[in-house]
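Position 515 of the sequence shown, counting from 1, maps to 520 under this note's numbering, and the rest follow consecutively.
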Amino acid sequence: MTTTTHILGYPRIGEQRELKFALEKYWRGEIDQAQLQGLGSDLRTQNWALQKEAGLEFVTAGDFAWYDHVLTTSLLLGHVPERHRWTGKGEVGQSELGLDTLFNVARGQSQNQCDCHGNAASDMTKWFNTNYHYIVPEFSAGDHFQVSWPQLFDEIDQALKLGHQVKPVLLGPLSYLYLGKEIEEGFDRLSLLPRVLVAYQEVLAKLAAQGVTWVQIDEPILALELESPWLESFTTAYQSIQGEVKLLLTTYFDSVSHVINKIVTLPIDGLHVDLTAASDQLDEVLNVLPDHWVLSAGVINGRNVWRANLSEWIDRLKPVKQQLGERLWIASSCSLLHSPVNLEAETKLTPEVKSWFAFAKQKVAEVVLLGKALDGDHAAILACDTYSQPIIARESAQHVNKPHVQARVQQITPELSQRSTPYQERSHHQSEVLNLPLLPTTTIGSFPQTAEIRALRSAFRQGKLAKTDYVEAIQRQILDAVQRQEALGLDVLVHGEPERNDMVEYFAENLSGFQTTQFGWVQSYGSRCVKPAIVVADIERKQPITVEWSTYAQSLTKKQMKGMLTGPVTILCWTFPREDITRKTITQQLALALRDEVSDLQDAGINIIQIDEPAIREGLPLKLQDHQDYLNWAVEAFRIAASSAKPETQIHTHMCYSEFNEIIESVAAMDADVITIETSRSNMELLKAFEEFNYPNEIGPGVYDIHSPNIPAQHWIENLIRTAATKIPVERLWVNPDCGLKTRNWAEVEASLTNMVLAAKALRQEFTAE
6 MTTTTHILGY PRIGEQRELK FALEKYWRGE IDQAQLQGLG SDLRTQNWAL
56 QKEAGLEFVT AGDFAWYDHV LTTSLLLGHV PERHRWTGKG EVGQSELGLD
106 TLFNVARGQS QNQCDCHGNA ASDMTKWFNT NYHYIVPEFS AGDHFQVSWP
156 QLFDEIDQAL KLGHQVKPVL LGPLSYLYLG KEIEEGFDRL SLLPRVLVAY
206 QEVLAKLAAQ GVTWVQIDEP ILALELESPW LESFTTAYQS IQGEVKLLLT
256 TYFDSVSHVI NKIVTLPIDG LHVDLTAASD QLDEVLNVLP DHWVLSAGVI
306 NGRNVWRANL SEWIDRLKPV KQQLGERLWI ASSCSLLHSP VNLEAETKLT
356 PEVKSWFAFA KQKVAEVVLL GKALDGDHAA ILACDTYSQP IIARESAQHV
406 NKPHVQARVQ QITPELSQRS TPYQERSHHQ SEVLNLPLLP TTTIGSFPQT
456 AEIRALRSAF RQGKLAKTDY VEAIQRQILD AVQRQEALGL DVLVHGEPER
506 NDMVEYFAEN LSGFQTTQFG WVQSYGSRCV KPAIVVADIE RKQPITVEWS
556 TYAQSLTKKQ MKGMLTGPVT ILCWTFPRED ITRKTITQQL ALALRDEVSD
606 LQDAGINIIQ IDEPAIREGL PLKLQDHQDY LNWAVEAFRI AASSAKPETQ
656 IHTHMCYSEF NEIIESVAAM DADVITIETS RSNMELLKAF EEFNYPNEIG
706 PGVYDIHSPN IPAQHWIENL IRTAATKIPV ERLWVNPDCG LKTRNWAEVE
756 ASLTNMVLAA KALRQEFTAE
């Protein structure tokens, strides 16, 4: 009774981020499309070879994406916003879909690109509660769907020619619709399902014609608490698309126990469940699993870097194997795109620490080894026991659990999260101290991470640059950033963060309790990759982290200088957390460390401190019933970090790419004096939540999209600010970009900020005259 082993997807970026660098070369015009396609082909070939050599029954195809897999699905279905169907001949056309279309949807088009007034990129948002992003499909009543882009089928052909047994992965029709948005009022995108299903029928027929037997069809929305029309539509949808191939309905990120009675009525051939996120669903699923279905057990965590305790899983799954026999499949919990690629590249980790981890390549091996052990292979069972020992021994390691840190967490009281005075009182103090104009202008924090800056940090890390020389060099970069901001006429300045490689990794490097890596890169979207640190022990701050850089920057100007911190929830969400303590406990430890940093910054003369929390929305559990508990401790952690601030110290926070309606009360409860948010791509639509709630504090709605290379015109920014002023009183508005500027170049930054400052100045006169 051989156990089938597979994964739900593999990282597409390459071990050395080859995809990232190739994409950016293509966008700069340094390579052509054939060269880019060749690189993609090479990466897929390598990934499939690794999976086959490890011993997986299937290689997974269709998990490769040039930007993100939802956008890839849009192209597959021929579903592209009309503004991006540009042929270059003064018209739009269906036949022109291709790579450049995909990039235009994701990145927008300038006037030069489209011989038009420029076309905005589609919205981007988080993939469920991860730090991966996707481009949001736009739906309207007139939409039609037709298989229009051959990438999926070309990849299947490529894999088959290489001799692989292929299991394609396809985003399911209901999840695709659900993850999009309506762009017409009064229209329900679910009404498009019959048209979408016709396209899915065609896709599955084409796959069957290629010889495919199993298709992994992802419906992650089943882990949500779906409205009845959406849930009931699964029956119609799967009755419509059944028959061409065997369908493995794939769910992940949370339990599907609440909808299992609906799932088992569907005409499919198997179900995948995520047992690392919700192990308690296993028994309930087994009780109702149809006799002819396979059960794919997602037991190797695709969202974290910790080595699996395979011995524990053997004990848990032995009875399941006896019950199901060959109908038990072993798999990763979700796609491994959320994991770094290869632990073997990490040459600087100590042997002990390295023995705790498994990256994507190692997780593939874990899947195979566990499958062999469940088949009764004695050598594999012994290997699982040996493999599991380091992670078991870690549980009692003295350097992991620190009594003095744990004691401080236990001493947290409600009073610790309270500012000394309410906002209305604080705002008067701050107005006197800061003396800012109407519509004050600022940026979110970071400035371009130039090649020179990256080379400085690299040389310092490698010991090729003495600390005194490094500090002097970074100070020169800060001086340059301050001078540029003063020349632009910004009201509140930032030091530009040249010393920081990443807004989370920098703090992880300077707090005890974290482990950073050399090559632990994970794709966030497109060419954007992040290198999350790993929480390996109790967290504490042993010395100030940002004070020296911020006070130096303040010494260069008479204008207000913001101190820049990353908030406790964001550090949690954008690192790989421990699995032996709760996320709440980790966040409390971080909050206490940041509280000390806030105190030191204000004591050093920094009057404005920004504590960024862009990840607070993505940290929400998928189930509504779990939201309030999370929001309670997440808000408390922010307040603990901020509440040491004096009344005259203005606390800012920043959030990006979030739907605020469901968390607006908690956002207000954070009690930040100023919140800056991403709103430019949505044309200020995201402000509706703040308007309807009557948000009491100050707001900086982002007035241009920093993820696009396009330079926003002054009149464009003015119109956005006017729109914002219809929703939020103008005296409580700030003017800023929608996110940090580290990924842009100085020419783009200065041109964009020039227009932003000019727009603010013009509107000060306009609003004052009214």
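In this text, a Cβ means the ideal position worked out from N, Cα and C, and glycines have one as well.
- Where residue 460 and residue 745 are concerned, what is the direct C-alpha to C-alpha distance, given to the nearest angstrom? Residue numbering aside, residue 460 sits at position 455 when the sequence shown is read from its first letter. Residue numbering aside, residue 745 sits at position 740 when the sequence shown is read from its first letter. Each residue's alpha carbon lies about 20 Å from the other.
- Check whether the segment 474 to 487 touches the segment 516 to 535, counting contact only when three or more Cβ pairs, one atom from each stretch, lie closer than 8 Å. no
- Message: Quick check: is the beta carbon of residue 273 nearer than 9 Å to any beta carbon in chain B?
- Response: Here chain B cannot be found, since the structure has a single protein chain.
- Item | Residue interval of the alpha helix (DSSP H) (run including residue 684) | Looking up residue 684 in the sequence shown gives position 679. Careful: residue 684 lies outside any alpha helix (DSSP H) and carries neither H nor E.
- Message: Taking its Cβ as the centre, do 16 or more other Cβ atoms sit within 10 Å of residue 330, making it buried, or is it exposed?
- Response: Against the sequence shown, residue 330 aligns to sequence position 325. When all chains shown are included, residue 330 counts as exposed.
- Item | Rounded C-alpha distance that separates residue 755 from residue 243 | Here residue 755 corresponds to residue number 750 of the sequence shown, with the count starting at 1. Here residue 243 corresponds to residue number 238 of the sequence shown, with the count starting at 1. Answer to the nearest angstrom: the Cα atoms are 52 Å apart.
- Message: If you reduce the DSSP assignment to three classes, tell me which class residue 308 lands in.
- Response: What you label residue 308 is simply residue 303 of the sequence shown in a count that begins at 1. Looking at residue 308 - three-state DSSP - the assignment turns out to be coil, as it is neither helix nor strand.
- Message: Let me make sure I understand the geometry here. Which of 494, 538 and 185 has the alpha-carbon closest to that of residue 515?
- Response: As a working mapping, residue 515 is identified with position 510 in the sequence shown. Closest in alpha carbon position to residue 515, among 494, 538 and 185, is 538.
- Classification of residue 547 by the beta-carbon crowding that lies within 10 angstroms, buried from 16 upward: By one-based count along the sequence shown, residue 547 stands at place 542. Of the other Cβ atoms in all chains shown, fewer than 16 fall within 10 Å of the Cβ of residue 547; this residue is therefore exposed.
- Query: Among the residues of its own chain, which have a CB less than 6 Å from the CB of residue 9, if the five just before and after it don't count?
  - Reply: Within the sequence shown, numbered from 1, the residue matching residue 9 stands at position 4. Counting only residues of its own chain and dropping the five nearest sequence neighbours on each side, residue 9 has a CB closer than 6 Å to the CB of 62 and 334.
- Item | When 446, 231, 54 and 328 are compared against residue 737, the one with the closest alpha-carbon | Here residue 737 corresponds to residue number 732 of the sequence shown, with the count starting at 1. Of the listed residues, the one whose Cα sits closest to residue 737 is 446.
- Query: Closest to residue 250 by CA distance: which of 72, 173 and 535 is it?
  - Reply: Here residue 250 refers to the residue found at position 245 when the sequence shown is read from its first residue. Taking only the C-alpha atoms, the option nearest residue 250 is 173.
- From the DSSP output, in three-state form, read off residue 610 for me. On the sequence shown, position 605 is the one that residue 610 refers to. Reduced to three states, the DSSP call for residue 610 is coil.
- Query: Should residue 631 be labelled buried (16 or more other beta-carbon atoms within 10 Å of its own) or exposed?
  - Reply: The residue you call residue 631 lines up with position 626 of the sequence shown. The residue is exposed, with fewer than 16 neighbouring Cβ atoms inside 10 Å.
- Query: Could you give the distance in angstroms between the alpha-carbon of residue 254 and the alpha-carbon of residue 277?
  - Reply: Counting from one through the sequence shown, the residue named residue 254 turns up at place 249. Counting from one through the sequence shown, the residue named residue 277 turns up at place 272. Looking at the two C-alpha atoms, the distance is approximately 6 Å.
- When burial is assigned at 16 or more other CB atoms within 10 Å of the CB, is residue 297 buried or exposed? Here residue 297 refers to the residue found at position 292 of the sequence shown. The residue in question, residue 297, is exposed, as its Cβ has fewer than 16 Cβ neighbours within 10 Å.
- Message: Assuming residue 760 and residue 718 are in contact, meaning their beta carbons sit under 8 Å apart, how far apart are those beta carbons, in whole angstroms?
- Response: As a working note, residue 760 is residue 755 in the sequence shown. As a working note, residue 718 is residue 713 in the sequence shown. With 8 Å as the limit, residue 760 and residue 718 qualify as a contact, their Cβ atoms being about 6 Å apart.
- Taking only the alpha-carbon atoms, compute the straight-line gap between residue 496 and residue 304 and give it to the nearest angstrom. Here residue 496 is taken as the residue at index 491 of the sequence shown, counted from 1. Here residue 304 is taken as the residue at index 299 of the sequence shown, counted from 1. So the two alpha carbons sit approximately 52 Å from each other.
- Query: What three-state label does DSSP hand residue 43 in the structure shown?
  - Reply: The residue labelled residue 43 in the question sits at position 38 within the sequence shown. If DSSP states are grouped into helix, strand and coil, residue 43 belongs with the helices.
- Task: Specify, as a first and last residue, the run of the beta strand (DSSP E) that residue 337 falls within.
- Result: Within the sequence shown, residue 337 is the residue found at index 332, counting from 1. First-last of the beta strand (DSSP E) with residue 337: 333 to 337.
- Message: Alpha carbons only, please: which of 248, 237 and 229 is nearest the one belonging to residue 211?
- Response: In the sequence shown, counting from the first residue as 1, residue 211 sits at position 206. Of the listed residues, the one whose Cα sits closest to residue 211 is 248.
- Query: Should the segment 308 to 323 be regarded as contacting the segment 387 to 402, the criterion being three or more beta carbon pairs within less than 8 Å?
  - Reply: yes
- Unbroken beta strand (DSSP E) run spanning residue 171, endpoints: Locating residue 171 in the sequence shown gives position 166, counting from the first residue. Taken as a continuous stretch (DSSP letters only), the beta strand (DSSP E) holding residue 171 covers 171 to 176.
- Query: Is residue 457 helix, strand or coil by DSSP?
  - Reply: Within the sequence shown, the letter at position 452 stands for residue 457. Helix, per DSSP.
- How many Å lie between residue 549 and residue 456 at the Cα? Numbered from 1 along the sequence shown, position 544 holds the residue referred to as residue 549. Numbered from 1 along the sequence shown, position 451 holds the residue referred to as residue 456. Computed Cα separation, rounded: 27 Å.
- Message: Taking the alpha carbon of residue 683 as the reference point, which residue from 677, 699, 658 and 667 has its own alpha carbon closest?
- Response: By 1-based counting over the sequence shown, the position of residue 683 is 678. Here the closest residue by C-alpha is 658.
- Going by the CB atoms, is the gap between residue 592 and residue 570 shorter than 9 Å? Residue numbering aside, residue 570 sits at position 565 when the sequence shown is read from its first letter. Residue numbering aside, residue 592 sits at position 587 when the sequence shown is read from its first letter. Taking 9 Å as the Cβ cut-off, residue 570 and residue 592 do not qualify as a contacting pair.
- Query: Can you check whether the CB of residue 696 is closer than 9 Å to the CB of residue 722?
  - Reply: Translated into positions along the sequence shown, residue 722 becomes position 717. Translated into positions along the sequence shown, residue 696 becomes position 691. No, these two residues do not count as a Cβ contact at 9 Å.
- Starting from the C-beta of residue 470, find all residues in its chain whose C-beta is less than 8 Å away, skip the five residues before and the five after it, and write them out in chain order. For the purposes of this step, residue 470 is taken as the residue at position 465 of the sequence shown. Closer than 8 Å at the Cβ level, and outside the excluded window around residue 470, lie 461, 464 and 478.
- Tell me whether residue 387 is buried or exposed, calling it buried when 16 or more other Cβ atoms sit within 10 Å of its Cβ. One-based indexing of the sequence shown puts residue 387 at position 382. With fewer than 16 other CB atoms across the displayed protein chains lying within 10 angstroms of its CB, residue 387 is exposed.
- Message: Let's test the definition: count the other Cβ atoms within 10 Å of the Cβ of residue 161 and tell me whether it reaches 16, buried, or not, exposed.
- Response: One-based indexing of the sequence shown puts residue 161 at position 156. Residue 161 comes out buried.
- Return the chain-ordered list of same chain residues with a C-beta closer than 7 Å to the C-beta of residue 435, the five sequence neighbours on each side being excluded. Sequence index remark: in the sequence shown, residue 435 carries index 430 (1-based). Once the five neighbours on either side are set aside, the close Cβ partners of residue 435 are 653, 655 and 678.
- Message: For a test of the three-state rule: what should DSSP assign to residue 233, helix, strand or coil?
- Response: One-based indexing of the sequence shown puts residue 233 at position 228. Helix.
- Item | residue 689 versus residue 706 - alpha carbon distance | The sequence position of residue 689 within the sequence shown is 684, counting from 1. The sequence position of residue 706 within the sequence shown is 701, counting from 1. Rounded to whole angstroms, residue 689 to residue 706 spans 7 Å at the Cα level.
- For residue 171, which residues of its own chain have a beta-carbon under 7 Å away from its beta-carbon, when the five flanking residues on both sides are left out? Residue 171 sits at position 166 when you count from the first residue of the sequence shown. Result list for residue 171: 63, 64, 66, 161, 164, 165 and 217, in chain order.
- Query: Thinking C-beta only, is residue 307 closer than 9 Å to residue 337?
  - Reply: In the sequence shown, residue 337 corresponds to position 332, counting from 1. In the sequence shown, residue 307 corresponds to position 302, counting from 1. A contact, by the Cβ cut-off of 9 Å.
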